[in-house]
Amino acid sequence: MTASSTPKADAGDRAALPAKVFAWPGLLRIESLVALAAIIILCVWSITIDAPLEEPANPAITPNPAKAPWYFLGLQELLVYFDPWIAGVVIPGLCIVGLMAIPYLDVNLKGNGYYTFKRRAFAISTFLFGFLGLWIIPIVIGVFFRGPGWNLFWPWEHWDIHKVVAQNNVNLGNLIGIKNYLAEAVLGIVFLSAWYVVPPLVLWRKKYAESPTLKAMGLTRFVITAFLFQSMMLVPLKIFARLVLHVKYFLVLPWFNV
Amino acid sequence: MPTLEQDKEDKTELRDRIASSQIWRSIFRHGFDDTQRNRVLQMTAGFLLHTRPVKVWTHGIRLRYTWGAGGLTFLMFVVACITGVVLMFYYRPVPEYAYADMKYLKFDIPFGMFMRNMHRWSAHAMVLLVLVHMLRVFLTGSYKKPREFNWVIGVCLLTLTLLLSFTGYLLPWDQLSIWAVTVGTNMARATPFLGHEGPFSEFLPFISPRYDARSLLLGGTIVAQGTLLRFYVLHCIVLPIFAIWFVMVHFYRIRKDGGISGPNKALEPPLVARPVPAGQIAPESSPPKASGALPENQPGQENQSARKSEGESE
Ligand code: HEM
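Structural data, given as structure tokens:
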């Protein structure tokens, strides 16, 4: 019964509201059919393909590669580019918190309850970038393209356990010729601070006057959004820096490295 | 019941007799009368049906809109719960037996392997479907007002789904499971402050390899019998209870938030009442000058009329 009264709808809007049907048979029939189909598929699948069971657990023999379950391979993939405390703790934590924050950061009232791209182009492109680019694709890479030593292999390629990939990565400071630890640390701090502060600041200063979205967001929402967005983009930045410039760390401190 | 009386076949007479018997009437009180009132009563009288709304939005039952992904996630969870209970009859969470019980299930228990397969594949399907469901909820903007909190509950469910899957991964106690869990839990040793290899752990003197975030998960310093028991209890008791609780809240909120979200332009801000920023698609009929004259962001009378024209234009 409750669902039949939408709290938001005042009398004037009633006419504009979409139609309703009885849940039986309207909803329940299609639900049962879909459920039936799903169960049949699952049964056939379970009859034909057995769940894996390997050799008994043996702490003395480490398989190479040791892979996490597929849904965590995205995180394991990040271990290539980040230290464990970032890849395993900070990034998943930010993902969960960031996902939870989405409804409170997105002030765009358009595109609620239907598919649209152009009315929420930024939200959708950002989400798809994170979801597909930083979650699904790393999983695919981890499942199909990683072999012994966590080296890259084609799925059809023989896993050569002696494959050696030369890795002479240097830190950001070394890259531009700084040898002094202190100077390097300062450079790292400046670089990371600039990454987080400059683009959002420029955007805010230049666009605030003319952008109803920024006005609707307000400073607090904007700062949080910018922080989460820049954190997300730091991941592809680091991957790029590693693969193309062979950068190991942006920032080296006695306590941790980024 | 006029509809039944019209029917003269034997079968129908039998059905009629059953449907009017005392036993039947004590269970299903409201018969088959096809009146609006009776159909409401049918839905609200029983426990199972009353968990569903009497009426739903027509757009909300289209597969093309929801992809059925949330419902299928739930179905996979139910399948995993049922088959999981069957597996619990045969499985002992100690290293001596766990692996042997897998073999026992496969070779000695009728339908044992089938139960294990159903459990395994439904769990994988659940992880996949929950991601698909989240994607569709995002693409339809269904997390927006008034459904913000249900999205938050959804994120909790996503986390719980992953944890359920992960804890279950260890239980077969084969090479695959212990090393996957070793890799997965190794990151916990690098937790800032709380992991013995994490940054700043030197500031907390009681953090050591034996007592840190990772050993809390493992029940020791390596994946061993303590870990197996811990993961078993989490997998079979703690996490399912949380998941069931959150699913109930999730479903309750869907109804309290007004059912499945749908294209209700009345809830959207007036496009025409606001200067259209460059780069956005302006409705054909709105000259920028005239629209700029209307106040921004105020749900006043002017905007009411603006809403109407917007609703009509699409
Ligand atoms: C165990 C996991 C989950 C289950 C069983 C579940 C189940 C459902 C079901 C059955 C619906 C009804 C509509 C539909 O099928 O799409 C729904 C709607 C919804 N779910 Fe989930 N869900 C889960 C996880 C999530 C996650 C991970 C999110 C988001 C992060 C989420 C957010 C929502 C929201 C906002 C709605 C309302 C959608 C609307 O009104 O259009 N749920 N959920």
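Residue numbers (the working numbering), protein chains in the order written: chain A, 26 to 283; chain B, 102 to 415. All residues carry an ideal CB built from backbone N, CA and C; glycine is no exception. These numbers come from a predicted model, not from an experiment.
Go ahead and label residue i buried or exposed: buried means 16 or more other beta carbons lie within 10 angstroms of its beta carbon, across all protein chains shown.
i: PRO163 of chain A; result: buried
i: ASN218 of chain B; result: buried
i: GLN101 of chain A; result: buried
i: VAL305 of chain A; result: With chain A covering 26 to 283 only, the question about residue 305 of chain A has no answer from this structure.
i: ARG364 of chain B; result: Residue identity differs from the one stated: residue 364 of chain B is Pro in this sequence, not Arg. PRO364 of chain B is buried by the Cβ-count criterion.
i: GLN143 of chain B; result: buried
i: SER63 of chain B; result: Because chain B here runs from 102 to 415, residue 63 of chain B falls outside it and cannot be looked at.
i: ASN137 of chain A; result: buried
i: LEU61 of chain A; result: exposed
i: VAL283 of chain A; result: buried
i: LEU417 of chain B; result: No answer is possible for residue 417 of chain B: it lies beyond the span of chain B, which begins at 102 and ends at 415.
i: GLY113 of chain A; result: buried
i: HIS336 of chain B; result: buried
i: ALA391 of chain B; result: Bear in mind that the predicted position of ALA391 of chain B carries a pLDDT of just 37, short of 50, making it too unreliable to give a figure here.
i: VAL269 of chain A; result: exposed
i: SER278 of chain B; result: buried
i: LEU226 of chain A; result: exposed
i: TYR192 of chain B; result: buried
i: VAL228 of chain B; result: buried
i: TYR206 of chain A; result: exposed
i: ASP209 of chain B; result: exposed
i: SER362 of chain B; result: buried
Can you pull the chain A neighbours of residue i, defined as C-beta to C-beta under 7 Å?
i: THR292 of chain B; result: TRP110, VAL114
i: TYR200 of chain B; result: PRO81, ALA82
i: VAL228 of chain B; result: TYR96
i: LEU236 of chain B; result: PHE156
i: ILE323 of chain B; result: PRO84
Since residue i meets chain B, which of its residues come closer than 7 Å, beta carbon to beta carbon?
i: GLY136 of chain A; result: GLY242
i: PRO94 of chain A; result: SER266, PHE267, TYR270, ALA281
i: SER71 of chain A; result: PHE215, ASN218, MET219, TRP222
i: TRP280 of chain A; result: PRO300, PHE301
i: ALA60 of chain A; result: LEU176
i: PRO88 of chain A; result: GLN276, TRP280
What does residue i touch in chain A if you count any residue whose Cβ is under 9 Å from its own?
i: ASN139 of chain B; result: Per Cβ cutoff of 9 Å: no residues; ASN139 of chain B is ~11 Å from chain A at best.
i: PHE239 of chain B; result: ILE127, ALA148, ILE149, PHE152, LEU153, PHE156
Would you please state the rounded distance, in angstroms, between the beta carbons of residue i and residue j? I believe it to be under 8 Å.
i: HIS271 of chain A; j: VAL189 of chain A; result: HIS271 of chain A to VAL189 of chain A, Cβ: 16 Å. No contact.
i: TRP222 of chain B; j: LEU67 of chain A; result: 6 Å
i: THR260 of chain B; j: VAL231 of chain B; result: Actually they are not in contact, since the Cβ atoms of THR260 of chain B and VAL231 of chain B sit about 10 Å apart, beyond 8 Å.
i: VAL64 of chain B; j: MET242 of chain A; result: Given a span of 102 to 415 for chain B in the structure shown, any question on residue 64 of chain B remains unanswerable.
i: GLY172 of chain B; j: VAL46 of chain A; result: Actually they do not touch by this definition, with Cβ atoms about 17 Å apart.
i: ALA210 of chain A; j: LEU276 of chain A; result: 7 Å
i: PRO94 of chain A; j: PHE267 of chain B; result: 6 Å
i: TRP274 of chain B; j: ALA325 of chain B; result: So it is not a contact: roughly 11 Å between Cβ atoms.
i: HIS220 of chain B; j: ALA181 of chain B; result: 6 Å
i: GLU303 of chain B; j: PRO128 of chain A; result: Between PRO128 of chain A and GLU303 of chain B the Cβ distance is about 39 Å, and since that is not below 8 Å, they are no contact.
i: ALA314 of chain B; j: GLY296 of chain B; result: 5 Å
i: PRO224 of chain A; j: ASN89 of chain A; result: Not quite, the Cβ-Cβ distance comes to about 41 Å (not below 8 Å), so this is no contact.
Show which residues of chain B have a CB atom less than 8 Å away from the CB atom of residue i.
i: ARG145 of chain A; result: GLY242
Who are the neighbours of residue i on chain A, taking C-beta pairs under 8 Å?
i: THR159 of chain B; result: PRO43, ALA44, LYS45, VAL46, GLY51
i: PRO211 of chain B; result: Per Cβ cutoff of 8 Å: no residues; PRO211 of chain B is ~14 Å from chain A at best.
i: ALA289 of chain B; result: GLY113, VAL114
i: GLU249 of chain B; result: PRO128, TYR129
i: VAL253 of chain B; result: MET125, PRO128
Closer than 9 Å by beta-carbon distance: list the chain B residues that pair up with residue i, in chain order.
i: ILE121 of chain A; result: VAL256, CYS257, LEU259, THR260
Discussion item. Please identify, using Cβ separations under 8 Å, the residues of the segment 261-284 of chain B that lie next to chain A, in order along the chain.
Written reply: Residues of the segment 261-284 of chain B with a C-beta atom less than 8 Å from some C-beta of chain A are LEU263, SER266, PHE267, TYR270, PRO273, TRP274, ASP275, GLN276, LEU277, SER278, ILE279, TRP280, ALA281, THR283, VAL284, listed in chain order.
Practice prompt. Note down, in chain order, all residues in the segment 45-58 of chain A with a beta-carbon under 8 Å from any beta-carbon belonging to chain B.
Written response: LYS45, VAL46, PHE47, ALA48, TRP49, GLY51, LEU52, LEU53, ILE55, GLU56
Worksheet item: For the segment 331-351 of chain B, which residues have a CB atom closer than 7 Å to at least one CB atom of chain A, in sequence order?
Response: none
Item to complete: Below 7 Å between beta carbons is the criterion; list the residues of the segment 167-184 of chain B that meet it against any residue of chain A, in chain order.
Response: Only GLY169, GLY172, LEU173, LEU176, VAL180 from the segment 167-184 of chain B bring a Cβ to less than 7 Å from some Cβ of chain A.
Worksheet item: If contact means a Cβ-Cβ distance below 9 Å, which residues of the segment 159-171 of chain A contact chain B?
Response: Flagged, chain order: TRP160, ILE161.
Item to complete: Pull out every residue of the segment 230-262 of chain A whose Cβ sits closer than 9 Å to any Cβ of chain B, in chain order.
Response: Under the 9 Å Cβ criterion, the segment 230-262 of chain A contributes GLU235, SER236, PRO237, THR238, LYS240, ALA241.
Discussion item. Taking beta-carbon pairs under 9 Å, can you tell me which members of the segment 112-146 of chain B lie near chain A?
Written reply: GLN137, ARG140, VAL141, GLN143, MET144, THR145
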